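Heads up, the sequence shown is in the numbering used here, so the first residue is -1 and it goes up one at a time.
Glycine included, C-beta positions come from ideal geometry on N, C-alpha and C.
Model, not experiment: these values are computed from the prediction.
Reading through the structure tokens given below for one structure.
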Amino acid sequence: ACAGAVAACAIALASTAPARVLDQIGGLSFAAVAGSAAPSHSLPSGARAQGDWSTGAAMGVGLEARPRGARVARRAEEEPRAAAAKTQDGEWRGPLRALLLSRSEGKREVVLKQLQSVFESKSAEIVAEIQRHGEAKASLTWWPWLRVRPFLGYRSACASVYRTMVEHVLPAQAGSSIQVQQRETDSGGKTLRYVLRDDATEGDLADASNRSERAVATADPASQARALLVVLRQLREASAWEVEKAAGEEVSSAEKWKARTPDLETPEYEVLFEDPSGVYEVRRYKAYSAVEMDKGQEGEAAKGGNRQFFALANYIFGKANVAQEKMAMTTPVQMDSRTGTMSFIMPSNYWGEDQLKSAPAPTAEAGVRLVARGEETLAVSIFGGYARGQAVDEKKEALLKALDGASNLRVPDKDATRLMQYNDPFTVPWKRRNEVSVPVEML
-1 ACAGAVAACA IALASTAPAR VLDQIGGLSF AAVAGSAAPS HSLPSGARAQ GDWSTGAAMG
59 VGLEARPRGA RVARRAEEEP RAAAAKTQDG EWRGPLRALL LSRSEGKREV VLKQLQSVFE
119 SKSAEIVAEI QRHGEAKASL TWWPWLRVRP FLGYRSACAS VYRTMVEHVL PAQAGSSIQV
179 QQRETDSGGK TLRYVLRDDA TEGDLADASN RSERAVATAD PASQARALLV VLRQLREASA
239 WEVEKAAGEE VSSAEKWKAR TPDLETPEYE VLFEDPSGVY EVRRYKAYSA VEMDKGQEGE
299 AAKGGNRQFF ALANYIFGKA NVAQEKMAMT TPVQMDSRTG TMSFIMPSNY WGEDQLKSAP
359 APTAEAGVRL VARGEETLAV SIFGGYARGQ AVDEKKEALL KALDGASNLR VPDKDATRLM
419 QYNDPFTVPW KRRNEVSVPV EML
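So, in structure tokens, the structure goes:
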């Protein structure tokens, strides 16, 4: 049935497509495409690899328009080169192919770890491979018209990953410098992280508060590597095409924002008022408790969110509390805009002043303290993407401007704004929920 479908497609193309198209189609895998036009973004030409339309089709079905003699001659020329390349890049090419095409989530988990173990040293080669197939597909102006979706293959998976990179990740991180980090895990392994320097939680506060004009992404090698790794990590649970589709979906309802919220404990609130223009809502929060950077640690707070994040995480995970108690993670992570102080929500069994007394005390060197917070009424504006410094400032300004026109609300202190981030640092921009808030009084 597959062979018949391919043959029928070839006949249709022969009658409608120009000759130069038929020349290109030899050996091309008919793979699913997202159905969109060629992306408007591209990576710099310096990282570009030349297209190589080698024979092969997805799911064992191919369409070969070249004469057999030409195919045999070309294969003879390419075999030595392919053997050398296999020796050099076999440590990443096999895991990449399995990650893109395997239907087993367990196998994808294994090969992703293999890929991550060599990613820092091989990222330029892997980016070039993804880009090569992505730009080859984008250069075929008739490709979106064809839309032969049942045949999914390696080249098209690479092209899908490429489109997700250039259309949804690179623009979200444009203008930010990248810091490469390797942190040891509890099991003794290492986790590779590419940190946005102007991210409000992970980055440097000096970068995060920089309001200077930032250029649109020029996609330097570190940015390319980060964008690719962000997408590859999503392939543990979904195909490249499913990830691309999810990245392009718009959030249009409160239910979809809730879907971006992790299934973790979070302070309880009720919505008192919704702004008709959709800029904000007013919530009344019940009392809760938090662990925050100690007021005597202003120096650490000023160094940046990354240091604060791990200081607070050490307390929560038992490394920096006297009882060595490992607590459950909560959400959101909060950051006070005035002081730059970060805080984590404590588990609910410690909410309230009396309950907080039973919480394990921080160790002497922890640099954190426990605080009980009473009921409060906040105006809250929600947004997605990375919570980078300039984006956060713009959201705060929009919130305060909208509140200026509200006749039923008063803002006692416009400088008392707070950023709240609900997702872990590895979450992709299209799955993130962020909020900016300010205390208000109902009139």
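Inset, instruction - Within its chain, find whatever has a CB closer than 6 Å to the CB of residue 258; leave out the 5 residues flanking it on each side and keep chain order. - result: Residue mapping note: residue 258 aligns to position 260 of the sequence shown, counting from 1. Closer than 6 Å at Cβ, skipping near neighbours: 429 and 431.
Legend entry - Environment of residue 320 [buried if 16+ CB atoms lie within 10 Å]: Here residue 320 is taken as the residue at index 322 of the sequence shown, counted from 1. With fewer than 16 other Cβ atoms within 10 Å, it is exposed.
Legend entry - Bridge-paired residues (DSSP) for residue 288: Translated into the one-based positions of the sequence shown, residue 288 becomes position 290. Beta-bridge pairing links residue 288 to 343 and 369.
Inset, instruction - Measure the Cβ-Cβ separation of residue 238 and residue 98 and say whether it is below 7 Å. - result: Counting from 1 along the sequence shown, the entry for residue 238 is found at position 240. Counting from 1 along the sequence shown, the entry for residue 98 is found at position 100. In terms of Cβ geometry, residue 238 and residue 98 form a close pair [threshold 7 Å].
Inset, instruction - Reducing DSSP to helix, strand and coil, say where residue 261 ends up. - result: Here residue 261 is taken as the residue at index 263 of the sequence shown, counted from 1. Here residue 261 carries a coil assignment [DSSP, helix/strand/coil].
Inset, instruction - Use the C-beta contact count for residue 310: other C-beta atoms within 10 angstroms, 16 or more gives buried, fewer gives exposed. - result: Here residue 310 corresponds to residue number 312 of the sequence shown, with the count starting at 1. Buried: at least 16 other Cβ atoms inside 10 Å.
Legend entry - Short Cβ contact (7 Å threshold) for residue 245 with residue 162: Residue mapping note: residue 245 aligns to position 247 of the sequence shown, counting from 1. Residue mapping note: residue 162 aligns to position 164 of the sequence shown, counting from 1. Against a cut-off of 7 Å, the Cβ pair of residue 162 and residue 245 comes out as a contact.
Legend entry - Whether residue 449 touches residue 128 by CB criterion (7 Å): The chain is shown only over -1 to 441; residue 449 falls outside these bounds and no answer can be derived.
Legend entry - Residue span of the alpha helix (DSSP H) that contains residue 123, given as start and end: Locating residue 123 in the sequence shown gives position 125, counting from the first residue. Looking at the DSSP string, the run of the alpha helix (DSSP H) that includes residue 123 is 103 to 137.
Inset, instruction - Would you list the residues sitting across from residue 419 in a DSSP beta bridge? - result: The residue labelled residue 419 in the question sits at position 421 within the sequence shown. 331 and 432, per the DSSP bridge assignment.
Legend entry - For residue 224, the nearest candidate out of 170, 262, 261 and 266 (CA to CA): Counted from its first residue, the sequence shown places residue 224 at position 226. The shortest Cα separation from residue 224 among 170, 262, 261 and 266 belongs to 170.
Legend entry - Inter-residue spacing [alpha-carbon to alpha-carbon] between residue 341 and residue 137: To locate residue 341, count along the sequence shown from 1; it is residue 343. To locate residue 137, count along the sequence shown from 1; it is residue 139. Using only the alpha carbons, I get a separation of about 49 Å.
Inset, instruction - State whether the segment 378 to 391 contacts the segment 274 to 281, with contact taken as three or more CB pairs (one from each stretch) at a distance under 8 Å. - result: Enough Cβ pairs lie closer than 8 Å, so yes.
Inset, instruction - Inspect the beta-carbon positions of residue 199 and residue 109 and report whether they are closer than 7 Å. - result: Position 201 of the sequence shown, counting from 1, holds the residue named residue 199. Position 111 of the sequence shown, counting from 1, holds the residue named residue 109. Between residue 199 and residue 109, the CB-CB gap reaches or exceeds 7 Å.
Legend entry - Where residue 270 falls: helix, strand or coil (DSSP): The sequence position of residue 270 within the sequence shown is 272, counting from 1. Collapsing the DSSP output to three states places residue 270 in a strand.
Legend entry - Close Cβ partners of residue 420 (< 6 Å) along its chain, the five nearest in sequence each way excluded: The residue given as residue 420 occupies position 422 in the sequence shown. If we look at residue 420 and ignore the five residues flanking it on each side, its Cβ neighbours are 259, 329, 330 and 431.
Inset, instruction - Could you tell me whether the Cβ atoms of residue 193 and residue 177 are closer together than 7 Å? - result: Here residue 193 is taken as the residue at index 195 of the sequence shown, counted from 1. Here residue 177 is taken as the residue at index 179 of the sequence shown, counted from 1. Cβ distance < 7 Å, so residue 193 and residue 177 count as in contact.
Inset, instruction - Report the partner residues of residue 351 according to the DSSP bridge assignment. - result: Looking up residue 351 in the sequence shown gives position 353. Note: residue 351 sits in no beta bridge, so no partner.
Legend entry - Per DSSP, cross-strand counterpart(s) of residue 177: As a working note, residue 177 is residue 179 in the sequence shown. Answer is 193, bridged to residue 177.
Legend entry - residue 85, DSSP secondary structure in three states: Looking up residue 85 in the sequence shown gives position 87. In this predicted model, residue 85 has a pLDDT of only 40, less than 50, meaning its place in the structure is not dependable enough to derive any value.
Legend entry - residue 20, DSSP secondary structure in three states: Translated into the one-based positions of the sequence shown, residue 20 becomes position 22. Any reading at residue 20 must be qualified, since the residue scores a pLDDT of 35, below 50, and its modelled position is unreliable; the value itself is stated next. Residue 20 falls in the helix class under three-state DSSP.
Legend entry - Exposed unless 16 or more other CB atoms sit within 10 angstroms - verdict on residue 274: The residue labelled residue 274 in the question sits at position 276 within the sequence shown. So residue 274 ends up on the exposed side.
Inset, instruction - Would you identify the three-state DSSP class for residue 406, choosing helix, strand or coil? - result: In the sequence shown, counting from the first residue as 1, residue 406 sits at position 408. In this structure, residue 406 counts as coil in the three-state DSSP scheme.
Inset, instruction - Name, in chain order, the residues that DSSP records as bridge partners for residue 377. - result: Here residue 377 is taken as the residue at index 379 of the sequence shown, counted from 1. 280 and 436.
Inset, instruction - Compare the beta carbon distance of residue 344 and residue 288 with 7 Å and say whether it is the shorter of the two. - result: Position 346 of the sequence shown holds residue 344. Position 290 of the sequence shown holds residue 288. The criterion of a C-beta distance shorter than 7 Å is satisfied by residue 344 and residue 288.
Legend entry - Cβ neighbour criterion (16 or more within 10 Å) applied to residue 440: Position 442 of the sequence shown, counting from 1, holds the residue named residue 440. By the Cβ-count criterion, residue 440 is exposed, with fewer than 16 other Cβ atoms from all chains shown falling within 10 Å of its own Cβ.
Inset, instruction - From the DSSP output, in three-state form, read off residue 169 for me. - result: To locate residue 169, count along the sequence shown from 1; it is residue 171. Of the three classes helix, strand and coil, the one that applies to residue 169 here is helix, per DSSP.
Inset, instruction - Measure the alpha-carbon distance for residue 230 versus residue 133 and round it to whole angstroms. - result: Within the sequence shown, the letter at position 232 stands for residue 230. Within the sequence shown, the letter at position 135 stands for residue 133. Straight-line Cα distance between these residues: approximately 18 Å.
Inset, instruction - Go through its chain and collect everything with a Cβ distance to residue 47's Cβ below 8 Å, but skip five positions before and after it. - result: By 1-based counting over the sequence shown, the position of residue 47 is 49. In this prediction, residue 47 scores a pLDDT of 40, lower than 50, which makes its location untrustworthy; the coordinate-derived value is nonetheless stated afterwards. For residue 47, where only same-chain residues beyond five positions count, the Cβ hits under 8 Å are 126, 127, 129 and 130.
Inset, instruction - Consult DSSP for residue 91 and reduce its assignment to one of helix, strand or coil. - result: Within the sequence shown, numbered from 1, the residue matching residue 91 stands at position 93. If DSSP states are grouped into helix, strand and coil, residue 91 belongs with the helices.
Legend entry - Straight-line Cα distance separating residue 172 from residue 347: Here residue 347 is taken as the residue at index 349 of the sequence shown, counted from 1. Here residue 172 is taken as the residue at index 174 of the sequence shown, counted from 1. Residue 347 and residue 172 have their alpha carbons spaced roughly 41 Å apart.
Inset, instruction - Specify the secondary structure class of residue 224 as computed by DSSP and reduced to three states. - result: If you number the sequence shown from 1, residue 224 lands on position 226. Residue 224: helix per DSSP, three-state reduction.
Legend entry - Three-way DSSP call (helix, strand, coil) for residue 427 in this model: Taking the sequence shown and counting its residues from 1, the one referred to as residue 427 is at position 429. Helix at residue 427.
Legend entry - Best match in 241, 116, 365 and 120 for proximity to residue 425 [C-alpha to C-alpha]: Mapped onto the sequence shown, residue 425 falls at position 427. Considering only 241, 116, 365 and 120, the residue with the shortest C-alpha distance to residue 425 is 241.
Legend entry - Under the three-state DSSP convention, the category residue 49 falls into: Mapped onto the sequence shown, residue 49 falls at position 51. Because the pLDDT at residue 49 is just 38, under 50, the model does not fix this residue reliably, and the value given afterwards should be weighed accordingly. In this structure, residue 49 counts as coil in the three-state DSSP scheme.
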